[in-house]
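A short worksheet on the structure shown next.
Numbering (our numbering), first residue to last: 3 to 621.
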């Protein structure tokens, strides 16, 4: 893996109807309908909205044979309207449905976690090697006839592993780990290879961006080792809605796209499916601009493990580095006491060449070193030095100093400075076409030299659109966080994005990367034809009632396919159990079954409030 120079991963080409993916083909954009697949007209109408927005594939749920057979009518309707876009059937729990869907869809997605294995009961059972081999034999016996049907009808397949639907068999042998997720996929891939079926796309998804990225990285390495080169579909499941859903998706998908991984993507938002398309399009186009960049001649630190990265060891400087949560630095034109009312305040505020008009209690300020030197009152102030001012660093007497560095700065000079001044925090910047590669390169250069100063990544943009700013900054930070290199984040923008939005984006990125929690997190699915309650209205009501519960994680799932698995680290879960029926979870445990939908939100809120009351009473 070349950490510093961008190029697309080399893959085989898969034919899906009228389009190809993988190889030199563009990264394909797709979405999924939320209509019932029994609703022919509704599904056609929604599919056409997805296609008109730029979707290149449309996926539909097929929970039963009736839905699978109706794909024929949906396909005919789309073709009648002049659309040749391939359809993808989404199959869970019933292999026979996949057999039927393969007759009418250009691609069929199957989930290894529930294709042959029984529904998850989270039971403990130790499989002997003989028992395990017998289970693999059952999978092969059931999968091969499906492959034969796909081969005959020129149907592609997607082996789509979801973190939330790993089988009990996999969990018992491998645990809830990236290794288990990858093995769940490889079991099916090896059967495909054995029977010479190569029209296969792979996906590994999770609502946890760290798990998703690490699992895909491990899958790529495992496939290469076994001489497999299948294209990959990327997505963060249950990303949620609005800004949080976009940031979370950009962190996970962006981290992989930036390393050249990914041949088709879906951004899963709890919104109208056509709203996913421009988000995905922007991510693909933004990362694609890295192609053909000037070579970055960097050396990888020998102790770095791309597959299983740990947080880089650094010495703590004030509240930065070590095991401290990554800090947020914000640039502001002015500071006012009203900032105290914000939910999440930047740890440091950069004011440039001016002193704060008033010093908010507890707030730390960064000022240019000349301003710091001249200040009569240096309380709450910390100097920042450009690389040209390195000789002056020793003259400032303070426990914390910032030094701005880019890769390409003469290493001998800056490394000596860092070693002599452990109080320095590096502000890593880059204006390189591939800023990820250049920023990685600087930190690896420091690690090779044994330098342990913390690193804050500073990202500069010139954007006027808030959503574009959120997507690009999240994508740029994704891999840096996953690599364990991030001790802080500093987002700047020379454009018309509000300072408060920039600051909130920084906190959102850290939360999406599982590095710092600053607000309530909602793990919510986008909905599909399996969803049997009003998902969006429910999310809105839960949001409104719990928005001030900082640090809480709430899972809101349309059906049992991924819940409660995708809610594994959620505090509470709200899961569709049947038409108009809801089950509530506390962690992985179901605590209330089949509540009428009209009462379920109130039951959830009571459960949360009772727990919080109990916690308060025990303090």
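Glycine included, every Cβ here is placed at the ideal spot set by N, Cα and C.
Note that the structure is a prediction, hence the values are computed from the model and not measured.
- Proximity to residue 356 across 472, 334, 276 peaks at 334, based on C-alpha coordinates.
- The DSSP assignment places complete alpha helix (DSSP H) segments of no fewer than 4 residues inside the segment 9-84 at 42-55, 67-82, in order along the chain.
- Ranking 431, 382, 455 by CA distance to the CA of residue 324 puts 455 first.
- By the C-beta density criterion, residue 222 is buried, having at least 16 other C-beta atoms within 10 angstroms.
- Judged by beta-carbon spacing, residue 389 lies within the 8 Å limit of residue 407, meaning their Cβ atoms are closer than that value.
- Counting C-beta atoms within 10 angstroms of its own C-beta, residue 125 has fewer than 16 neighbours from the protein chains shown and is therefore classed as exposed.
- For residue 544, the enclosing alpha helix (DSSP H) starts and ends at 537-548.
- Looking only at 380, 302, 375, 494, the smallest Cα-Cα distance to residue 3 is reached by 302.
- The residues 472, 510, in chain order, have a CB closer than 7 Å to that of residue 245 in the same chain once the five nearest residues on each side in sequence are set aside.
- Contact between residue 268 and residue 237 holds, with the beta-carbon distance rounding to 5 Å and staying under 8 Å.
- With respect to the 8 Å criterion, residue 266 and residue 489 are not classified as neighbours on the basis of their beta carbons.
- Excluding sequence positions up to five before and after residue 23, its CB lies within less than 6 Å of the CB of 16, 30, 233, 265, 266, all in the same chain and listed in chain order.
- Contact annotation: residue 594 and residue 586 have beta-carbon atoms nearer than 8 Å.
- Contact between the segment 498-514 and the segment 61-75 is absent: fewer than 3 CB-CB pairs across the two stretches fall below 8 Å.
- In its chain, beyond the 5 residues on either side, 470, 473 have a beta carbon closer than 7 Å to the beta carbon of residue 284.
- Put simply, the segment 344-354 does not touch the segment 427-434. Fewer than three CB pairs are less than 8 Å apart.
- Put simply, of 186, 132, 172, 193 the residue whose alpha carbon is nearest the alpha carbon of residue 144 is 193.
- Around the Cβ of residue 466, a 10 Å sphere holds fewer than 16 other Cβ atoms; the residue is exposed.
- Within the same chain, and ignoring the five residues on either side of residue 213 in sequence, the residues whose Cβ sits closer than 6 Å to its Cβ are 165.
- Residue 118 carries a coil assignment under DSSP once its states are collapsed to helix, strand and coil.
- Of all C-beta pairs linking the segment 577-585 to the segment 528-541, three or more are shorter than 8 Å, placing the two stretches in contact.
- Under the three-pair Cβ rule at 8 Å, the segment 108-121 counts as touching the segment 85-95.
- Taking 8 Å as the cut-off, the Cβ atoms of residue 167 and residue 113 count as close.
- DSSP assignment within the segment 567-598 yields the following whole beta strand (DSSP E) runs of 3 residues or more, N-terminal first: 574-580, 583-588, 591-598.
- Assigned with DSSP and collapsed to three states, residue 195 falls in helix.
- Relative to the Cα of residue 589, the nearest Cα in the group 103, 609, 99, 45 belongs to 609.
- The straight-line gap separating the alpha-carbon atoms of residue 108 and residue 169 is approximately 27 Å.
- The Cβ-Cβ distance between residue 525 and residue 557 falls below 8 Å.
- Boundaries of the beta strand (DSSP E) around residue 164: 158-164.
- Collapsing the DSSP output to three states places residue 322 in a strand.
- Taking a contact as a CB-CB distance under 8 Å, the pair residue 529 and residue 560 counts as one, their CB atoms being some 5 Å apart.
- Taking C-beta atoms as the reference points, residue 374 and residue 358 fail to come closer than 8 Å.
- Taking a C-beta distance under 8 Å as the contact criterion, residue 99 and residue 66 qualify as a contact pair.
- In the displayed model, residue 256 falls within a helix according to three-state DSSP.
- Residue 557 has 525, 575 as its beta-bridge partners, per DSSP.
- Uninterrupted beta strand (DSSP E) stretches at least 3 residues long and entirely within the segment 204-229 do not occur.
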